[in-house]
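K.L.:
Residue numbers (my numbering): 894 to 1265.
Cβ coordinates follow ideal geometry from the N, Cα and C atoms, glycine included.
All values reported here derive from a predicted model rather than from experimental measurement.
Would you mind keeping the following structure in view while I ask a few things?
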Ligand SMILES: *Cc1c(COP(=O)(O)O)cnc(C)c1O
């Protein structure tokens, strides 16, 4: 044994240590009081009862590996949306599919674009693969197609677009999305993240199914975590051209989706009445919250999703820190969005009727200066 050289330690690939760890919406209060959690855009109606029953049924065979193709789930999705099941791949949340896309198509020297207040998972996926994140400014908290196109270089390989976006709740119409696709080089993958697509009522909105079907370089990701109320199960899917879906199938874990997840997902997809009820609930309470909160003198960004963004003054006693503290004193946990470049905003998820009324009551107290 000779004296060793200075200790050499494992080092991750460049970019990894630049990642800021994703901080999920809070779910606990220091007081130990059971909170009302409106911080993660979860469904106030919960999952379909049929999905819960299917999940429980699956408990009878936990020693078995799941169907690695998730065939029943892909078929259920394909039936509901009129798609080819061979162009669908399922994942452990759409987060896994976003990561796999980045892993397959991005590396050192490549650039990938997302928008100024875009979903932070994109940045993580880009950096994790040693690629360079490029941020396109938004206009009035909306994705700006011209700003995205202006940032395309020969190194660009991917554009991530959440539509509607989280945490802003804004969307761009399908004509703008088509203009984006048309303006991007053919070797750039456009990833359309439609996590909130089921909630949108705007006539000029489409999640992008037709664009995926008619172009060789567009992918749509969707989730069971939001309107389907199955966030705990980690279930998402992507629809794309056969070549890209084939790439994701090569790279994914062979059993990346669990059997209880597959079973519950199928039942959730087939329960159209439950999905309609969740959408109808949002149709009623999103405008109510927007109006009531606006009437209190709090700025609200018009949203088409199941959450909305409130804006507080940067200074003074009615700033976002004070609002958050007051809401917490009333047992209400919302979502701060400092990491999204919005230090004076707070995101509110549409809750149950009682939860929505509790939020408005607490905000009214706050704005009227009754902060016990
Ligand atoms: C919640 C959300 C998702 C869904 O993530 P899962 O991994 O499927 O739970 C994807 N994109 C955006 C923009 C979201 O807000």
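According to DSSP, is residue 900 part of a helix, a strand, or is it coil?
P.N.:
As a position in the chain shown, residue 900 is number 7, starting the count at 1. Coil at residue 900, not helix or strand.
K.L.:
Give every residue whose Cβ lies closer than 5 Å to any heavy atom of ligand 1, listed in chain order.
P.N.:
The answer, residue by residue, is 986, 987, 988, 1012, 1055, 1059, 1086, 1088, 1116, 1118, 1129.
K.L.:
Count Cβ pairs between the segment 1072-1091 and the segment 946-958 that sit closer than 8 Å; are there 3 or more?
P.N.:
Contact fails: fewer than three Cβ-Cβ distances are below 8 Å.
K.L.:
From residue 1098 to residue 1065, what distance separates their C-alpha atoms?
P.N.:
By one-based count along the chain shown, residue 1098 stands at place 205. By one-based count along the chain shown, residue 1065 stands at place 172. One C-alpha to the other measures close to 7 Å.
K.L.:
Could you tell me which of 1193, 1178, 1189 sits nearest to residue 1249, measuring between CA atoms?
P.N.:
Your numbering for residue 1249 matches position 356 in the chain shown. Checking every option, the nearest Cα to that of residue 1249 belongs to 1178.
K.L.:
If residue 1112 and residue 1133 are in contact, beta carbons under 8 Å, what's the gap, nearest whole angstrom?
P.N.:
Here the question's residue 1112 lines up with position 219 in the chain shown. Here the question's residue 1133 lines up with position 240 in the chain shown. Contact holds; Cβ gap of about 4 Å.
K.L.:
If you check the beta carbons only, do residue 1026 and residue 1040 fall under 8 Å apart?
P.N.:
What you label residue 1026 is simply residue 133 of the chain shown in a count that begins at 1. What you label residue 1040 is simply residue 147 of the chain shown in a count that begins at 1. Result no, Cβ atoms of residue 1026 and residue 1040 do not sit closer than 8 Å.
K.L.:
Just the Cα atoms here: how many angstroms apart are residue 1033 and residue 1135?
P.N.:
Reading the chain shown from its first residue, position 140 is the one you call residue 1033. Reading the chain shown from its first residue, position 242 is the one you call residue 1135. Roughly 36 Å separates the two Cα atoms.
K.L.:
Are three or more beta carbon pairs between the segment 1198-1209 and the segment 1230-1250 nearer than 8 Å?
P.N.:
Judged by Cβ distances under 8 Å, the segment 1198-1209 makes contact with the segment 1230-1250, as three or more pairs qualify.
K.L.:
Check for me: the alpha helix (DSSP H) holding residue 1259 runs from which residue to which?
P.N.:
Taking the chain shown and counting its residues from 1, one reaches residue 1259 at position 366. Unbroken alpha helix (DSSP H) run through residue 1259: 1246-1260.
K.L.:
Would you call residue 904 buried or exposed, if buried means 16 or more other Cβ atoms sit within 10 Å of its Cβ?
P.N.:
The sequence position of residue 904 within the chain shown is 11, counting from 1. With fewer than 16 other Cβ atoms within 10 Å, it is exposed.
K.L.:
Counting C-beta neighbours from all protein chains within 10 Å, is the total for residue 930 16 or more, i.e. buried, or is it exposed?
P.N.:
By one-based count along the chain shown, residue 930 stands at place 37. Classification for residue 930: buried.
K.L.:
For residue 1176, tell me which candidate among 1055, 1052, 1093, 1263 has the shortest Cα-Cα distance.
P.N.:
Stepping through the chain shown from its first residue, residue 1176 is reached at position 283. Measuring from the Cα of residue 1176, the nearest candidate turns out to be 1093.
K.L.:
Helix, strand or coil, according to DSSP, for residue 1091 in the structure here?
P.N.:
Locating residue 1091 in the chain shown gives position 198, where the first residue counts as 1. Residue state, collapsed to three classes: helix.
K.L.:
Report the option in 914, 932, 902 whose CA atom is closest to the CA atom of residue 1225.
P.N.:
Locating residue 1225 in the chain shown gives position 332, where the first residue counts as 1. Checking every option, the nearest Cα to that of residue 1225 belongs to 932.
K.L.:
Would you kindly work out how many angstroms separate the C-alpha atoms of residue 1159 and residue 1210, rounded to a whole number?
P.N.:
Along the chain shown, one-based indexing puts residue 1159 at 266. Along the chain shown, one-based indexing puts residue 1210 at 317. The straight-line gap from Cα to Cα measures roughly 49 Å.
K.L.:
Is the Cβ-Cβ distance between residue 1089 and residue 1057 less than 8 Å?
P.N.:
In the chain shown, counting from the first residue as 1, residue 1089 sits at position 196. In the chain shown, counting from the first residue as 1, residue 1057 sits at position 164. Closer than 8 Å, so yes.
K.L.:
What's the call for residue 1185, buried or exposed, on a 16-neighbour Cβ count within 10 Å?
P.N.:
Walking along the chain shown from the start, residue 1185 turns up at place 292. The residue is buried, with at least 16 neighbouring Cβ atoms inside 10 Å.
K.L.:
Can you tell me which of 1046, 1009, 1067 puts its alpha carbon nearest to the alpha carbon of residue 1079?
P.N.:
For the purposes of this step, residue 1079 is identified with residue 186 of the chain shown, where counting begins at 1. Ranking 1046, 1009, 1067 by Cα distance to residue 1079 puts 1046 first.
K.L.:
Pairs of beta-carbons, one from the segment 1139-1155 and one from the segment 949-967, closer than 8 Å: are there three or more?
P.N.:
Yes, they touch.
K.L.:
Using only alpha-carbon positions, find the residue among 1260, 926, 1251, 976 that is nearest to residue 1105.
P.N.:
By one-based count along the chain shown, residue 1105 stands at place 212. When only C-alpha atoms are compared, the closest one is 976.
K.L.:
How many whole angstroms separate the CB atoms of residue 1155 and residue 966, which I take to be in contact at a CB cut-off of 8 Å?
P.N.:
Sequence index remark: in the chain shown, residue 1155 carries index 262 (1-based). Sequence index remark: in the chain shown, residue 966 carries index 73 (1-based). The pair is a contact, with the Cβ atoms about 5 Å apart (cut-off 8 Å).
K.L.:
How should residue 900 be labelled, buried or exposed, when 16 other C-beta atoms within 10 angstroms of its C-beta is the threshold for buried?
P.N.:
Working through the chain shown from its first residue, we reach residue 900 at position 7. With fewer than 16 other Cβ atoms within 10 Å, it is exposed.
K.L.:
Taking Cβ positions, are residue 1197 and residue 1101 nearer each other than 8 Å?
P.N.:
Taking the first residue of the chain shown as position 1, residue 1197 is located at position 304. Taking the first residue of the chain shown as position 1, residue 1101 is located at position 208. No, the Cβ-Cβ distance between residue 1197 and residue 1101 is not below 8 Å.
K.L.:
Could you give the C-beta distance for residue 1130 and residue 984, rounded to a whole number, given that I count them as a contact under 8 Å?
P.N.:
By 1-based counting over the chain shown, the position of residue 1130 is 237. By 1-based counting over the chain shown, the position of residue 984 is 91. Contact holds; Cβ gap of about 7 Å.
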